[in-house]
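S.K.: Pasting a structure here, questions to come.
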Amino acid sequence: MSEILLQIDGKEVSAREGMTLLEAARGAGISIPTLCHHEKLEPYGGCRLCIVEVEKRGRTTLVVSCVYPVEGDLVVRTRSEKIDRIRKTLLELFLAHAPDAFELQDLAKEYGADKDRFEKESSFCIHCGLCVRYCAEVKQKFAVGFVSRGTKKEISFIPEIAAKECWDCKECFPLCPTEALQAAFVLTQALSS
Amino acid sequence: MSRINSPAELEAFRKGILSKRDPNKPCITLCSGSACHATGSGEVALSLEAELEKQGLSDQIEIRKTGCHGYCERGPITIIRPEDISYFQVQPEDVPEIISETVKGKKVIDRLLYTDPETKENIVKESEIPFYKHQERLVFGSNGSIDPKSIDDYLAIGGYAALQKALYDMSPEGVLEEVKKSNLRGRGGGGFPTGRKWEGSRNDPEPIKYVIVNADEGDPGAYMDRSLLEGNPHSVLEGLTLGAYAIGSHEGYIYVRQEYPLAVENVLLAIKTAEEYGFLGKNILGSGFDFKVIVHQGAGAFVCGESTALMTALEGRVGEPRPKYIRSNIKGLWEKPSVLNNVETWANVPLIINKGADWFTQYGTEGSKGTKIFSLVGKIVNTGLVEVPMGMPLRDIIFKIGGGIPGGKAFKAVQTGGPSGGCIPEELLDLQVGFDELAQAGSMMGSGGMIVLDEDTCMVDVARYFIAFLTDESCGKCAPCREGLRQMLKILTRITEGKGKEDDIATLKDLAETAKEAALCALGKTAPNPFLSTLRFFEDEYEAHIKDKRCPALSCKALIAYHIDPAKCKACMICARKCPADAIDGGKNKIHMIDQDKCTKCGTCYEVCPPRFGAVRKISGEPVPDPIPEEERSIRKGKKK
Chain A
11 MSEILLQIDG KEVSAREGMT LLEAARGAGI SIPTLCHHEK LEPYGGCRLC
61 IVEVEKRGRT TLVVSCVYPV EGDLVVRTRS EKIDRIRKTL LELFLAHAPD
111 AFELQDLAKE YGADKDRFEK ESSFCIHCGL CVRYCAEVKQ KFAVGFVSRG
161 TKKEISFIPE IAAKECWDCK ECFPLCPTEA LQAAFVLTQA LSS
Chain B
499 MSRINSPAEL EAFRKGILSK RDPNKPCITL CSGSACHATG SGEVALSLEA
549 ELEKQGLSDQ IEIRKTGCHG YCERGPITII RPEDISYFQV QPEDVPEIIS
599 ETVKGKKVID RLLYTDPETK ENIVKESEIP FYKHQERLVF GSNGSIDPKS
649 IDDYLAIGGY AALQKALYDM SPEGVLEEVK KSNLRGRGGG GFPTGRKWEG
699 SRNDPEPIKY VIVNADEGDP GAYMDRSLLE GNPHSVLEGL TLGAYAIGSH
749 EGYIYVRQEY PLAVENVLLA IKTAEEYGFL GKNILGSGFD FKVIVHQGAG
799 AFVCGESTAL MTALEGRVGE PRPKYIRSNI KGLWEKPSVL NNVETWANVP
849 LIINKGADWF TQYGTEGSKG TKIFSLVGKI VNTGLVEVPM GMPLRDIIFK
899 IGGGIPGGKA FKAVQTGGPS GGCIPEELLD LQVGFDELAQ AGSMMGSGGM
949 IVLDEDTCMV DVARYFIAFL TDESCGKCAP CREGLRQMLK ILTRITEGKG
999 KEDDIATLKD LAETAKEAAL CALGKTAPNP FLSTLRFFED EYEAHIKDKR
1049 CPALSCKALI AYHIDPAKCK ACMICARKCP ADAIDGGKNK IHMIDQDKCT
1099 KCGTCYEVCP PRFGAVRKIS GEPVPDPIPE EERSIRKGKK K
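First to last, the sequence lines map onto chains A and B. When we follow the working numbering, the leftmost residue of the first sequence carries the number 11, and every step to the right adds one. When we follow the working numbering, the leftmost residue of the second sequence carries the number 499, and every step to the right adds one.
This is how it looks when you write it as structure tokens:
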């Protein structure tokens, strides 16, 4: 694998071909916030919080760093007024679902997000898909999935599989940034007993 | 039918078809596209067949059921050839007269002709009607003259000649160069240069490549791709095959909505017959080139019109866009180089190969070449599909072709580019249609939807409507689109209900920026456009709703009231009888009054009050006048006491 040199926040960073900007940045000790990223899972690009600015041949664009592959001579900026404003709005949208989630509160402090900016939503799931993808990609059990579509999409345990597989696993629990999953699981338990 | 194996065989076969066709034989063509079907062309066809049978003329007169002619406002459309007499809004009961008077007697039936609204003159030929006269129907023109179920009809107008030319006289690179030289840009939305897209796939070393037709047309009010696929499926197949030859693909897909049953039926039949004739399958026209086409019916999700979501759906997975930053012409369907173009784009290709890029580029503007089919709908006199050269001013499309706004109302804006397009106001009506021109005006070409709005339309409500559509159609994968649109919809709904807050515009702008910059796919990135473009040109309407709690178009129910002007009311009882909420008090000779608490603002009283009285009015942003005293409410002998 060839070595690729790029610049992130003014710092020369060396990366391997095939790495994402997020991996390259984290490898160099530069932090970028994420909610749907997990190193064992395929990049998902759902929460868009890891958005950064890249400059290539004089053109500047916004891309999400968890998916964007490293390229030579790329100039990356992980913070700017615009990036911070977008992250703040995204966090406020998430906080409408889960105003008390610790992970969101910490980020809200960093970006000045107001948890009461938007009308509260009834579900506290923010659709990061970590539980669904972890169960499918790492555990290969498919005990939890997405049901319905679009703005009505929700996570749901499949009772037949969950009853067999979940008791001794529960590895998805700590992944959830809003603790929504746990509640859903408890609910399924209640429904299927 | 045995397969055609060489250019000579094709030409001989084509000559055979033409020699059997007598151009002077009477032929009744009947539009059988979806819109005319809905207005009863199926029944007209049955009665034509029965009447010809009855009069013993079945073998002397041909009936040809064609695709959409475009003038859907006046369907079903019947054209009597060879004289080209065109009749509109034909009903089954008109059929005996058409056959005995026009077909046999060669007399024109005035009542079925088109009457020019200005000159009041009847027009006999379709091509002389204002709706058609200003069009340039390069792609769509054959729709009205061929039976889409007949491959011979397509061959009779020179079909598959471009394919023959490409396979025998041109190299794949030559085909690619011609398309590049034509500057054809994608008709599905983004306007990406077609040749460059093809070139990317062609140059990729991967041996397996795909070509795909995007027939997942989902914009409200748009049906041009549907009509092309229904009315001239072979032109799309020929274009697709040419594309496959150019990039070196041997397998193509047509992704078509399940809601388009006639398009599915006609394209499946077209594939079957093209295979039988040797235009598809192994060793096409004896050239050694192999290409097969598979039809995939989509289950109906707007997002599946997005290229990567469409490919994911073709692979049999949930139709969600891919997050990757790799072009699908390099890594598309099953990770192979895949060229995806929209129906209309493909249908342009045979024309370019047949007549050459130099011919094609004489139409259009610097940046947008050729023609574009638009679906002209909304508050417009002539609803239908129109094909115009790029660069035609919007004003000409709407007023010369579309015939202007019905009911003497004033034009307010035209919404172009589908739900995530934008609204263009009166002051920009001289804008020439083209990809870059529309984008600069804050809208886009999209796939060619054009919804005309009149003075009674509230622009805030228009934004709310389209954001509601897009919220419903968001796939839900990324947060800026799923969460952002949901909040935008809540805020816009609140504004139209008179509950807007001072900082709503700023919040909407933040949400719009977040979606535009951070959403995963083109659907999400363009989703805030309905808000942004209405704000750009109609900010005063937003302010009226938020600050004055007033709807200037008198359209938002929560912000208007109906009031009967006591000076104009003649106590005729019409509105009182029709009011479904029993909200109108009054009697004979007693001036009517609306009980505002009971009124549901359905508008019935406003509609039924005789225009000569015009006593019912809509008011917004001002208090409803106090009721007049009881003793002043009686009318005697037509006068107030």
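Note that beta-carbon positions come from the ideal geometry of N, C-alpha and C, so glycine has one too.
Could one say the Cβ of Glu129(A) lies closer than 8 Å to chain B's Cβ atoms, at least one of them?
M.R.: What you label residue 129(A) is simply residue 119 of the first sequence in a count that begins at 1. Yes, Glu129(A) lies at the interface with chain B (some Cβ there is under 8 Å from its Cβ).
S.K.: Return the residues of the stretch 41-61 of chain A that lie within a Cβ-Cβ distance of less than 7 Å from chain B, sorted by chain order.
M.R.: From the stretch 41-61 of chain A, only Pro53, Tyr54, Gly55, Gly56, Cys57, Arg58, Ile61 have a Cβ closer than 7 Å to chain B.
S.K.: Does the beta carbon of Ser972(B) sit closer than 8 Å to a beta carbon anywhere in chain A?
M.R.: Residue numbering aside, residue 972(B) sits at position 474 when the second sequence is read from its first letter. Judged by the 8 Å Cβ criterion, Ser972(B) is in contact with chain A.
S.K.: How about Asp1008(B): is its C-beta nearer than 8 Å to some C-beta of chain A?
M.R.: Counted from its first residue, the second sequence places residue 1008(B) at position 510. For Asp1008(B), the answer is yes, since a Cβ of chain A falls inside 8 Å of its Cβ.
S.K.: Would DSSP call Arg36(A) helix, strand or coil?
M.R.: Here residue 36(A) refers to the residue found at position 26 when the first sequence is read from its first residue. Reduced to three states, the DSSP call for Arg36(A) is helix.
S.K.: Can you tell me whether Glu749(B) is helix, strand or coil according to DSSP?
M.R.: Taking the first residue of the second sequence as 1, we reach residue 749(B) at position 251. It is a strand residue.
S.K.: Using DSSP bridges, identify the partner residues of Glu818(B).
M.R.: In the second sequence, the residue the question calls residue 818(B) occupies position 320. Per DSSP, none; premise fails for Glu818(B).
S.K.: Cβ closer than 8 Å: which chain B residues qualify as neighbours of Pro79(A)?
M.R.: In the first sequence, the residue the question calls residue 79(A) occupies position 69. The answer, in chain order, is Tyr823.
S.K.: Going by other Cβ atoms of all chains shown within 10 Å of its Cβ, with 16 needed for buried, is Met986(B) buried or exposed?
M.R.: By 1-based counting over the second sequence, the position of residue 986(B) is 488. It counts as buried.
S.K.: List the residues of chain A whose Cβ lies closer than 7 Å to the Cβ of Thr1012(B), in chain order.
M.R.: Here residue 1012(B) is taken as the residue at index 514 of the second sequence, counted from 1. Chain A residues near Thr1012(B): Ile96, Thr99, Leu100.
S.K.: Please report the straight-line C-alpha distance between Glu773(B) and Thr1005(B), rounded to a whole angstrom.
M.R.: Your numbering for residue 773(B) matches position 275 in the second sequence. Your numbering for residue 1005(B) matches position 507 in the second sequence. Going from the Cα of Glu773(B) to the Cα of Thr1005(B) covers about 57 Å.
S.K.: Please indicate yes or no: does the CB of Pro819(B) lie closer than 7 Å to some heavy atom of the ligand FAD?
M.R.: This structure lacks the ligand FAD; in fact it carries no ligand of any kind.
S.K.: Residue range of the beta strand (DSSP E) that Cys1073(B) falls in?
M.R.: Counting from one through the second sequence, the residue named residue 1073(B) turns up at place 575. From DSSP, Cys1073(B) is part of no beta strand (DSSP E) but of the alpha helix (DSSP H) over 1072-1076.
S.K.: Looking at C-beta atoms only, is the number of pairs between the stretch 806-818 of chain B and the stretch 653-669 of chain B that lie closer than 8 Å three or more?
M.R.: Cβ pair count under 8 Å is below three, so no.
S.K.: Ends of the alpha helix (DSSP H) at Val606(B)?
M.R.: Position 108 of the second sequence, counting from 1, holds the residue named residue 606(B). It is not in any alpha helix (DSSP H) - Val606(B) carries neither H nor E in the DSSP assignment.
S.K.: For Asp1124(B), count neighbouring Cβ atoms within 10 angstroms of its own Cβ and tell me buried if that reaches 16, exposed if not.
M.R.: For the purposes of this step, residue 1124(B) is taken as the residue at position 626 of the second sequence. It is exposed - the Cβ of Asp1124(B) has fewer than 16 other Cβ atoms within 10 Å.
S.K.: Can a CB atom of chain B be found closer than 8 Å to the CB of Arg159(A)?
M.R.: If you number the first sequence from 1, residue 159(A) lands on position 149. Taking Cβ atoms only, chain B reaches closer than 8 Å to Arg159(A), which makes this a yes.
S.K.: Check the C-beta distance from Ala1079(B) over to His1090(B) and give it rounded, since I have them as a contact under 8 Å.
M.R.: As a first step, residue 1079(B) must be located in the second sequence, where it is residue number 581. As a first step, residue 1090(B) must be located in the second sequence, where it is residue number 592. So it is not a contact: roughly 14 Å between Cβ atoms.
S.K.: Whose C-alpha, out of Trp177(A), Ala173(A), Thr70(A), Ala172(A), is nearest the C-alpha of Ile93(A)?
M.R.: Your numbering for residue 93(A) matches position 83 in the first sequence. Ile93(A) has its Cα closest to that of Thr70(A), out of Trp177(A), Ala173(A), Thr70(A), Ala172(A).
S.K.: From Ser745(B) to Glu697(B), what does the alpha carbon distance come to, in whole angstroms?
M.R.: Counting from 1 along the second sequence, the entry for residue 745(B) is found at position 247. Counting from 1 along the second sequence, the entry for residue 697(B) is found at position 199. The question names Ser, but residue 745(B) is Ile in the sequence shown. Each residue's alpha carbon lies about 7 Å from the other.
S.K.: Does DSSP put Arg512(B) in a helix, in a strand, or in coil?
M.R.: Taking the second sequence and counting its residues from 1, one reaches residue 512(B) at position 14. Of the three classes helix, strand and coil, the one that applies to Arg512(B) here is helix, per DSSP.
S.K.: From the beta carbon of Gly981(B), is the nearest beta carbon of chain A less than 8 Å away?
M.R.: Walking along the second sequence from the start, residue 981(B) turns up at place 483. According to the sequence displayed, residue 981(B) carries Glu and not Gly. For Glu981(B), the answer is yes, since a Cβ of chain A falls inside 8 Å of its Cβ.
S.K.: Near Tyr205(A), which residues of its chain fall below 8 Å by C-beta distance, leaving aside the five closest residues on each side in sequence?
M.R.: With chain A covering only 11 through 203, there is no way to say anything about residue 205(A).
S.K.: Beta-carbon within less than 6 Å of Glu935(B)'s beta-carbon, same chain only, minus the 5 sequence neighbours each way: which residues are those?
M.R.: Within the second sequence, the letter at position 437 stands for residue 935(B). Cβ neighbours of Glu935(B) beyond the five flanking positions: Leu929.
S.K.: Residue range of the beta strand (DSSP E) that Arg26(A) falls in?
M.R.: Counting from one through the first sequence, the residue named residue 26(A) turns up at place 16. Where Arg26(A) is concerned, the enclosing beta strand (DSSP E) stretches over 21-26.
S.K.: Is Met888(B) near Gly920(B), with beta carbons less than 8 Å apart?
M.R.: As a first step, residue 888(B) must be located in the second sequence, where it is residue number 390. As a first step, residue 920(B) must be located in the second sequence, where it is residue number 422. Result no, Cβ atoms of Met888(B) and Gly920(B) do not sit closer than 8 Å.
S.K.: If you reduce the DSSP assignment to three classes, tell me which class Asn522(B) lands in.
M.R.: Locating residue 522(B) in the second sequence gives position 24, where the first residue counts as 1. Coil at Asn522(B), not helix or strand.
S.K.: For Leu951(B), which residues does DSSP report across the bridge?
M.R.: The sequence position of residue 951(B) within the second sequence is 453, counting from 1. Answer by DSSP bridge pairing, in chain order: Ala911(B).
S.K.: Can you give the Cα-Cα distance for Lys1138(B) and Ile621(B), rounded to whole angstroms?
M.R.: Residue numbering aside, residue 1138(B) sits at position 640 when the second sequence is read from its first letter. Residue numbering aside, residue 621(B) sits at position 123 when the second sequence is read from its first letter. With a pLDDT of 45 at Lys1138(B), under the threshold of 50, the modelled position of this residue cannot be trusted; read the value that follows with caution. One C-alpha to the other measures close to 52 Å.
S.K.: Threshold first: 4 residues or longer. Then list the alpha helix (DSSP H) segments lying entirely within the stretch 1022-1062 of chain B, N to C.
M.R.: With a minimum length of 4 residues, the continuous alpha helix (DSSP H) runs that stay inside the stretch 1022-1062 of chain B are 1027-1045.
S.K.: Need the endpoints of the alpha helix (DSSP H) that Pro978(B) sits in, please.
M.R.: Here the question's residue 978(B) lines up with position 480 in the second sequence. Note, Pro978(B): alpha helix (DSSP H), 977-994.
S.K.: Residues of chain A with a CB under 8 Å from the CB of Cys976(B): which are they?
M.R.: Along the second sequence, read from residue 1 onward, the residue named residue 976(B) stands at position 478. Those within 8 Å of Cys976(B) in chain A are Gly55, Gly56, Cys57, Arg58.
S.K.: Give the DSSP-derived three-state secondary structure of Ser733(B) in the structure shown.
M.R.: Within the second sequence, residue 733(B) is the residue found at index 235, counting from 1. Ser733(B): helix per DSSP, three-state reduction.
S.K.: Answer yes if the stretch 682-702 of chain B comes into contact with the stretch 728-738 of chain B, meaning at least three C-beta pairs across the two stretches below 8 Å, and no otherwise.
M.R.: In short, these stretches do not touch, since the Cβ pair count stays below three.
S.K.: Please tell me whether Phe586(B) and Tyr612(B) are closer than 8 Å, where the distance is taken between their beta carbons.
M.R.: Translated into the one-based positions of the second sequence, residue 586(B) becomes position 88. Translated into the one-based positions of the second sequence, residue 612(B) becomes position 114. Yes. Within cutoff.
S.K.: Report all residues from its chain with a CB closer than 8 Å to the CB of Glu81(A); omit the five preceding and five following residues, and keep chain order.
M.R.: Along the first sequence, one-based indexing puts residue 81(A) at 71. The residues are Ile14, Leu16, Lys66.
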